[in-house]
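**Student:** Chains as they are written, first to last, in my numbering: chain X, 45 to 456; chain S, 45 to 456. Cβ atoms here follow ideal geometry from the backbone N, Cα and C, with glycine treated the same way. Computed from a predicted structure; not experimentally measured.
This is the structure we're talking about:
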């Protein structure tokens, strides 16, 4: 019974296209930063869609939106689908968005076919996944999982010193529901792959089985101001140069591990006073290394730390790692992963086991609930760019997999 | 007659110390940015001192302050002394300031001894020499010499988008005198060396005979935004990395020419969007090379341009030099330089011929008047830093040289 149901492809894709009109950035892309006017416009539309689909909508204190489709036993924890509707400053129309609107389409499809599940089904759109406006990223799902304090999140500042909490209130999404603190039966997130593997292999469904091991570093460089002109080279302690040396060295680490899929990124660099007439005495650099094999990621880490010492000596600056973080060792729940694999088999869809290379809200949620992810292809793996591209025909199979995996889990 | 006059050492030094109380930055230093409240306070004090010394004070449209001590023939062009009273954001108490207050002390000493000169003597404090707030540096002397249009200068913006002209009016120094357009008989600038040579040699007076050849570059790097995580190394076009490679390469050029006193500086770097989750697609870098020998500076330039190509290839970014400038080939007038040398000899002060490695207002003025400079020592050559240090005993000899050179020229 209901084994033959499918989503409505055109209806699903029309929501992606409608979303793509809100917060337009460079041609073809979106710049829908968290808690901006465009974010509000998208949220208003999403809430309306969810209510029209018969869901009860709740907003938590961090603005994450929960749409609930009741099951036959309201006392059971819900099966949750989710992702995010915010984008990078030069983002695409699919990253995060496809996952949220896939969840909406799953609910609509269940409605179409009058499917009653035993457990409630919830769909969530997490606030500020990207971290493009308020750092860190994935902050609302992190708070939901108990990783961050709610008040700390509300106090985050953007580059114009606007407060997360104030901006959330300004757009009308400072909800009253508590953040987390309740059991979830399971969490499923569909997301574009953000890598080239599925597109290259011509396979539409990735069954995410693990995350790349990611090791992140916040590095501080301390030099000394001095005149850019007469100061002899051997008396210079230019923090700009110290940070640049490290950025290049980190990039080199990435290239050394490129043959086995490793990456290393110098992502963000701030320099002070950073003026033409004076050598800078302070810089901070955010960088990370990523590898499918945690042991290799540890070796890459060691090479970055060696580079820190080498660049400090070469630039005559003090260079220190002042913060470190790690992710990618989150647990993908075998039962939930099995449901995704079973749904793909049931639907006759080719699926590929794959590792996730980016961070996702699902990583945080894995701490409090069984979690699994489905990847869908994006052209050439391009993402966080206005040229990010996904196609309906290659996305729909993954959404149908989500539909059947969630339905099966909710029937349990 | 008057061959034996000397400045009043303590009076001179007390003005330096008083100036050091206005716009205090890090301990020991100043952060007296152009057209700030501190700049106003210093200007008010300077104008009062000049009037107390019997001078007529005129402010030009760019806020440069001219104090005139009349000669016996008011129709003759003046002999001018000058420098600047603004500082870097982490500046010292001597850079520029010593030159202006040396000029004030010269006028006071002439007054003390009732010296009447044939030509008028003027003392000027140029607005915004440092360029630490409004770019470019030396903008008021440049306009005086016809290098920049006055209205263009008035329209310069600081980092907070405040307009030069508005800030000048705000502090009450938007004068009515035309900028330039009148003949000067000669221009003498006393300045701390901003290098370690005089301090190292134990010589108190540098006779500046030429400028280091400086070749400056504004370089633009164009890459592509992409996810910092999954994007394979060979698909990355991270503008941050392209710019960092070039910054390191420029620094390496400096080291290669370090044995012959060459310098190369990566001074200023801006990156966009410069956020942790996204590779940056744009960067700009300001860098320069300096050498005493113009032919060597040209070779260093060629190496920077080779590095631009090499870094572009290595980073897969487009890198282009979008602006270039040059200075240091300004003419130091033999007659004026001879007067400085003669004054030193007359005073029995050891003097060393020296090249200037930094830019100075005097460079611009050389285009419209015979120009010469006197250097005084600063400890270890440290400058553009709160640890910049000059001592009365090693500065006074240069001021007495200025006194006698200017007096002799004004008697002509």
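Mind pulling the chain S residues with CB within less than 9 Å of residue 194 of chain X?
**Tutor:** What residue 194 of chain X touches in chain S: nothing, since even the nearest Cβ is about 22 Å away.
**Student:** Does the separation of the CB atoms of residue 272 of chain S and residue 429 of chain X fall below 8 Å?
**Tutor:** no
**Student:** Enumerate, from N- to C-terminal direction, the unbroken alpha helix (DSSP H) stretches of 4 or more residues contained entirely within the segment 75–152 of chain X.
**Tutor:** 81–96
**Student:** Any beta carbon from chain S within less than 8 Å of residue 31 of chain X's own beta carbon?
**Tutor:** As shown, chain X starts at 45 and ends at 456. That puts residue 31 of chain X outside it, with no answer to give.
**Student:** Indicate the three-state DSSP secondary structure (helix, strand or coil) for residue 450 of chain S in the structure shown.
**Tutor:** helix
**Student:** Would you call residue 404 of chain S buried or exposed, if buried means 16 or more other Cβ atoms sit within 10 Å of its Cβ?
**Tutor:** buried
**Student:** Could you pull out every residue in the same chain whose Cβ sits closer than 6 Å to the Cβ of residue 314 of chain X, ignoring the five residues on either side in sequence?
**Tutor:** 328
**Student:** Please list the partners that residue 313 of chain S has in chain X, where partner means a Cβ-to-Cβ separation under 8 Å.
**Tutor:** 284, 288, 313, 315 and 318
**Student:** Would residue 162 of chain X pass as an interface residue toward chain S - the criterion being a Cβ-Cβ separation below 8 Å?
**Tutor:** no
**Student:** Could you give the distance in angstroms between the alpha-carbon of residue 131 of chain S and the alpha-carbon of residue 69 of chain X?
**Tutor:** 41 Å
**Student:** Using a Cβ-Cβ cut-off of 7 Å (strictly less than) and excluding sequence neighbours within five positions of residue 384 of chain S, which residues of its own chain qualify?
**Tutor:** 251, 416, 418, 445 and 449
**Student:** Measure the CB-CB distance between residue 288 of chain X and residue 292 of chain S and report whether it falls below 8 Å.
**Tutor:** yes
**Student:** In the structure shown, what three-state DSSP assignment does residue 241 of chain S receive?
**Tutor:** helix
**Student:** Opposite residue 316 of chain X in the DSSP bridges: which residues?
**Tutor:** X/326
**Student:** When you check each C-beta in the segment 216–247 of chain X against every C-beta of chain S, which residues fall closer than 8 Å?
**Tutor:** 237, 238, 239 and 240
**Student:** Assuming contact is defined by CB atoms lying nearer than 8 Å, are residue 49 of chain X and residue 153 of chain X in contact in what I supplied?
**Tutor:** yes
**Student:** Would residue 204 of chain X count as contacting chain S if we go by Cβ distances under 8 Å?
**Tutor:** no
**Student:** Identify the residues that DSSP records as bridge partners of residue 364 of chain X: which are they?
**Tutor:** Paired residue(s): X/264.
**Student:** Considering only the beta carbon of each residue, do residue 443 of chain S and residue 100 of chain S sit closer than 8 Å?
**Tutor:** no
**Student:** Excluding five sequence neighbours on each side, which residues of the same chain lie with their C-beta closer than 6 Å to the C-beta of residue 102 of chain S?
**Tutor:** 110 and 221
**Student:** Using a cut-off of 7 Å between C-beta atoms, extract the partners of residue 443 of chain X located in chain S.
**Tutor:** None at all; the shortest Cβ gap to chain S is about 21 Å.
**Student:** Report the CB separation of residue 90 of chain S from residue 120 of chain S in whole angstroms; it is logged as a contact under 8 Å.
**Tutor:** Incorrect: roughly 25 Å between the Cβ atoms, too far for contact.
**Student:** Since residue 79 of chain S and residue 211 of chain S should fall inside the 8 Å C-beta cutoff, what is the C-beta to C-beta distance between them, to a whole number of angstroms?
**Tutor:** Right, their Cβ atoms sit about 4 Å apart.
**Student:** List the residues that DSSP assigns as beta-bridge partners of residue 63 of chain S.
**Tutor:** BP columns for residue 63 of chain S are empty, so no partner.
**Student:** Could you check whether residue 326 of chain X and residue 469 of chain S sit closer than 8 Å to each other, using their CB atoms as the reference points?
**Tutor:** Residue 469 of chain S lies beyond the stretch modelled for chain S, which goes from 45 to 456, so this question has no answer here.
**Student:** Using a threshold of 8 Å, state whether the C-beta atoms of residue 127 of chain S and residue 228 of chain S are closer than that.
**Tutor:** no
**Student:** List the residues of chain X that residue 186 of chain S touches, going by C-beta distances under 9 Å, in chain order.
**Tutor:** What residue 186 of chain S touches in chain X: nothing, since even the nearest Cβ is about 15 Å away.
**Student:** Interface residues of chain A around residue 328 of chain X at Cβ under 9 Å?
**Tutor:** Judged by its chain identifiers, the structure shown contains no chain A, and its protein chains are X and S.
**Student:** Kindly list, in the order they appear in chain S, the residues whose Cβ is closer than 7 Å to that of residue 295 of chain X.
**Tutor:** Residues of chain S whose Cβ lies closer than 7 Å to the Cβ of residue 295 of chain X are, in chain order, 285.
**Student:** Counting only beta-carbon separations shorter than 8 Å, does residue 338 of chain X have a partner in chain S?
**Tutor:** no
**Student:** What would DSSP say about residue 46 of chain X, mapped onto helix, strand or coil?
**Tutor:** coil
**Student:** Ordered along the chain, which non-local residues of its own chain (more than five positions away) have a Cβ less than 6 Å from that of residue 364 of chain S?
**Tutor:** 264
**Student:** Closest by CA to residue 458 of chain X, which one among X/340, X/281, X/47 and X/134?
**Tutor:** The structure shown does not extend to residue 458 of chain X, since chain X is modelled only from 45 through 456, so no value can be given for it.
**Student:** Skipping 5 residues on each side, what residues in its chain have a beta carbon closer than 6 Å to that of residue 411 of chain X?
**Tutor:** 189
**Student:** Taking its Cβ as the centre, do 16 or more other Cβ atoms sit within 10 Å of residue 401 of chain S, making it buried, or is it exposed?
**Tutor:** The residue in question, residue 401 of chain S, is buried, as its Cβ has 16 or more Cβ neighbours within 10 Å.
**Student:** For residue 360 of chain S, would you say it is in contact with chain X, using Cβ-to-Cβ distances shorter than 8 Å as the test?
**Tutor:** No - not a single Cβ of chain X is within 8 Å of the one on residue 360 of chain S.
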